[in-house]
Each structure stands twice: as structure tokens, then as C-alpha cells.
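Peer 1:
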Amino acid sequence: MVMEFPDYTDETALTDIFRHNKVDTIISAILGTAPNLKHVGGHLIDAAVKSGTVERFCPNSFGIHIGAIPWGISKMVDAKKEMQEKVRDSGMKWTNILVGGLFSYFLPSLRNGHGSVGSFDHIDTVFHSNSVEDAGLMIALAATDDRTVNKYVQFQYNPSTQSKNLALVKRLWPNHEFPEKHLDEFELIRLMHEDSDNDIWGVLYAVFCMGRTNCADFRGTILGNTIMPSDFKCTTIEECLSDPSFVFLDHP
1 MVMEFPDYTD ETALTDIFRH NKVDTIISAI LGTAPNLKHV GGHLIDAAVK SGTVERFCPN
61 SFGIHIGAIP WGISKMVDAK KEMQEKVRDS GMKWTNILVG GLFSYFLPSL RNGHGSVGSF
121 DHIDTVFHSN SVEDAGLMIA LAATDDRTVN KYVQFQYNPS TQSKNLALVK RLWPNHEFPE
181 KHLDEFELIR LMHEDSDNDI WGVLYAVFCM GRTNCADFRG TILGNTIMPS DFKCTTIEEC
241 LSDPSFVFLD HP
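Its first residue numbered 1, the sequence shown is counted upward by one per residue in full-length UniProt numbering.
(1) Give the C-beta separation of R19 and A143 to the nearest angstrom, bearing in mind that I take them to be a contact with Cβ-Cβ under 8 Å.
(2) Between the stretch 19–29 and the stretch 71–78, can you find at least three pairs of beta-carbon atoms closer than 8 Å?
(3) At the level of alpha carbons, what is the spacing between Q162 and L137?
(4) What first and last residue would you give for the beta strand (DSSP E) that runs through K181?
(5) Use the C-beta contact count for T12: other C-beta atoms within 10 angstroms, 16 or more gives buried, fewer gives exposed.
(6) When you compare only the Cα positions, how much space is there between L14 and G91?
(7) At what residues does the alpha helix (DSSP H) containing R171 begin and finish?
(8) For H182, I'd like the list of residues in its chain whose CB is within less than 6 Å of its CB, leaving aside the five on either flank, ordered along the chain.
(9) Measuring CA to CA, which of S245, H65, N60 is closest to F87?
(10) Answer with yes or no whether the minimum CB distance from R190 to chain B is below 7 Å.
(11) Answer with buried or exposed for K233, where buried requires no fewer than 16 other C-beta atoms within 10 angstroms of its C-beta.
(12) Since S90 is in the alpha helix (DSSP H), which residue starts that stretch and which ends it?
(13) Determine, using beta carbons only, whether T95 and D197 come nearer to each other than 7 Å.
(14) Taking buried to mean at least 16 other C-beta atoms within 10 Å of its own C-beta, is G115 buried or exposed?
(15) How about the stretch 209–222 and the stretch 146–165: do they share at least three Cβ pairs that are nearer than 8 Å?
(16) Give every residue of the same chain whose Cβ lies closer than 7 Å to the Cβ of K50, excluding the five residues on either side of it in the sequence, and list them in chain order.
(17) Looking only at DSSP bridge pairs, what is Q154 linked to?
(18) Using three-state DSSP, classify V247 as helix, strand or coil.
(19) Mark N165 as exposed unless 16 or more other C-beta atoms lie within 10 angstroms of its C-beta, in which case mark it buried.
(20) Does the separation of the CB atoms of L98 and V132 fall below 7 Å?
(21) If you count every other CB in all the chains shown that lies within 10 Å of the CB of V149, and 16 or more means buried, which is it?
(22) Answer with buried or exposed for residue 254, where buried requires no fewer than 16 other C-beta atoms within 10 angstroms of its C-beta.
(23) Is it buried or exposed for P70, if we count other Cβ within 10 angstroms and need 16 for buried?
(24) Contact defined as beta carbons within less than 8 Å: I believe L44 pairs with Y8. What is the distance between those atoms, to the nearest angstrom?
(25) Output the distance between the C-alpha atoms of C209 and S129, rounded to the nearest integer angstrom.
(26) For a test of the three-state rule: what should DSSP assign to K93, helix, strand or coil?
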């Protein structure tokens, strides 16, 4: 069942909807600006508690390990940490699902990069990424598995680096040019503060400057790969970069 709801700050209406439909698990996918996370997210959490039916709440983390990031990095990160504390303090069960980066944001693509491929800070930092379809399955399974209650669940598929991915796309498409645009740590810090409503800068900083898709040993964290079906095969980076519609501007 799909329901459209025009005002996620209407706590009374949210509570009634959760209760009427006997909603027992909420997976939050709020746009990650700091004001939205705190304003909308706060009402969502309070409505879940008041409903009396919601047992588990899964706050959004954009694939990075918010628990392993210190306070003060950016407004977006601090807002996420505040919402995670609010969920834990609510008495509801919680699951923090960390799927790594999404291909569309983290793999070299002239289409997504508007004519160039971006790279960020340490290009040899190992990180993990997935297709949006695989990420959806990971989230659904993690949100409903008893082993993930009150846990951070970090999925670690497709380990790679920016330098390896760039070399791969050039090998797959040898007759094409891939202009590069690089942002170092200092530029990412500047953008986090000057463009603070855009959550991508904080995510990129956490991944490539702090390695926060590699925190399966952080306290209270389990490796999400262990809850996946034994026959699960993730979409690979090479499969994604072999698709011209992903890589190039002039493909639909």
C-alpha cells in the first residue's frame, strides 16, 4: 500500500495513519538537510511513539556510519546524530542501516558528472558501493531481521577505490575521454560549510576523508552481508560501468 501525505509535520495526522494501518516499522528517507532532519524527523519519531503500533524505527544515514563520526563535522551530520539519539531515547527498537555509497553518486560517470568525472580527496581510500536496487533489498532485510535490533548494520559489498574505478571505466571505454575534476579535503570542508543544505558534501567527506564505510568493527555494529540470502549476488561495479546509459551523456 502506498500513501501520499502532504504534511509530515502534522503529528496528529501521522499518528492516526500509523495507528489505523497498524504500522510496526518505519524506514525514514527524509531529505538530508539539517532543518528537514530535525523538523520533519522529530515529528515523525514522536508520531511513531504516540501511535502505539510502531515497534522499530530506522533513521536514514545515507550509507555512512553516523555513529562513528564525531560531532561538529557538519550541520547535516550533527542533525543525523541528534535524530539517532532521539530514536534511541524514545524506547522504540532501532536499526541504523548503512548500505555504502550508491553507484550514481560514487562511480565515474560523464552523465552524472555533467561532462566530467569527479574524484575526492584520497583517491586510494577503499570504500563500498551498491546499485540502488541492491541497496533497497539490503534495507528491507535489515529493517525486518531480529538480529539487527538496536544495531548499526554495515553492508560491505564492492570494495574498491576511486583510482581503480577510473582505471576500469577507461579500460571499458578506451575510445572515450574522461575529463577529471578533483576536490580535495579543504574544498570539501569549505563546501560543507558554505553549501550546508546540500548533504552530499558531508557524505563525501565522511567516505573519502574519514573512511566511514569501513566501520564494521565499531561498537554495536554487525556486518550486513551476514544477513543476506546465501544466493545473493550484488550488481558489480564492472556491470554498472559497462552500461553506456550510466556512463555517457548522450545515452537515454
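Heads up, the beta-carbon is just placed ideally off N, CA and C, and yes, glycines get one too.
Peer 2: Here's the rundown:
(1) The residue given as residue 19 occupies position 19 in the sequence shown. The residue given as residue 143 occupies position 143 in the sequence shown. Not quite, the Cβ-Cβ distance comes to about 20 Å (not below 8 Å), so this is no contact.
(2) As far as the Cβ criterion goes, the stretch 71–78 does not touch the stretch 19–29, which means the pair count is below three.
(3) Taking the first residue of the sequence shown as 1, we reach residue 162 at position 162. Taking the first residue of the sequence shown as 1, we reach residue 137 at position 137. Between Q162 and L137, the C-alpha separation is close to 25 Å.
(4) Here residue 181 refers to the residue found at position 181 of the sequence shown. Counting along the chain, the beta strand (DSSP E) containing K181 begins and ends at 180–183.
(5) Counted from its first residue, the sequence shown places residue 12 at position 12. Counting Cβ neighbours within 10 Å, T12 comes out exposed, since fewer than 16 surround it.
(6) Position 14 of the sequence shown holds residue 14. Position 91 of the sequence shown holds residue 91. CA-to-CA, the gap between L14 and G91 works out to about 19 Å.
(7) As a position in the sequence shown, residue 171 is number 171, starting the count at 1. In the DSSP assignment, R171 falls within the unbroken alpha helix (DSSP H) covering 162–172.
(8) The sequence position of residue 182 within the sequence shown is 182, counting from 1. Excluding sequence neighbours, H182 sits near S119.
(9) In the sequence shown, counting from the first residue as 1, residue 87 sits at position 87. Correcting the residue identity first, residue 87 is Val in this sequence and not Phe. Minimum Cα-Cα distance from V87 among the listed residues S245, H65, N60 corresponds to N60.
(10) Absence of chain B from the displayed structure is noted, only one protein chain being present.
(11) By 1-based counting over the sequence shown, the position of residue 233 is 233. K233 should be labelled exposed.
(12) Residue 90 sits at position 90 when you count from the first residue of the sequence shown. Annotation: the continuous alpha helix (DSSP H) that includes S90 extends over 75–90.
(13) One-based indexing of the sequence shown puts residue 95 at position 95. One-based indexing of the sequence shown puts residue 197 at position 197. Not closer than 7 Å, so no.
(14) Here residue 115 corresponds to residue number 115 of the sequence shown, with the count starting at 1. Exposed is the label assigned to G115, since fewer than 16 other Cβ atoms lie within 10 Å of its Cβ.
(15) Enough Cβ pairs lie closer than 8 Å, so yes.
(16) Taking the sequence shown and counting its residues from 1, the one referred to as residue 50 is at position 50. These residues qualify, in order along the chain: T15.
(17) By one-based count along the sequence shown, residue 154 stands at place 154. Per the DSSP secondary-structure output, Q154 pairs in a beta bridge with L98, L223.
(18) Numbered from its first residue, the sequence shown carries residue 247 at position 247. Three-state DSSP puts V247 in a helix.
(19) For this step, residue 165 is matched to residue 165 along the sequence shown. Buried, by the Cβ-count rule.
(20) Residue numbering aside, residue 98 sits at position 98 when the sequence shown is read from its first letter. Residue numbering aside, residue 132 sits at position 132 when the sequence shown is read from its first letter. Not in contact: L98 and V132 (Cβ atoms no closer than 7 Å).
(21) Along the sequence shown, one-based indexing puts residue 149 at 149. Exposed.
(22) A query on residue 254 cannot be resolved here, the shown segment of the chain reaching from 1 to 252 and no further.
(23) The residue you call residue 70 lines up with position 70 of the sequence shown. Answer is exposed; the Cβ neighbour count stays below 16.
(24) If you number the sequence shown from 1, residue 44 lands on position 44. If you number the sequence shown from 1, residue 8 lands on position 8. The Cβ separation is near 6 Å, so the contact holds.
(25) Taking the sequence shown and counting its residues from 1, the one referred to as residue 209 is at position 209. Taking the sequence shown and counting its residues from 1, the one referred to as residue 129 is at position 129. Approximately 16 Å, taken between the alpha carbons.
(26) Your numbering for residue 93 matches position 93 in the sequence shown. Strand, per DSSP.
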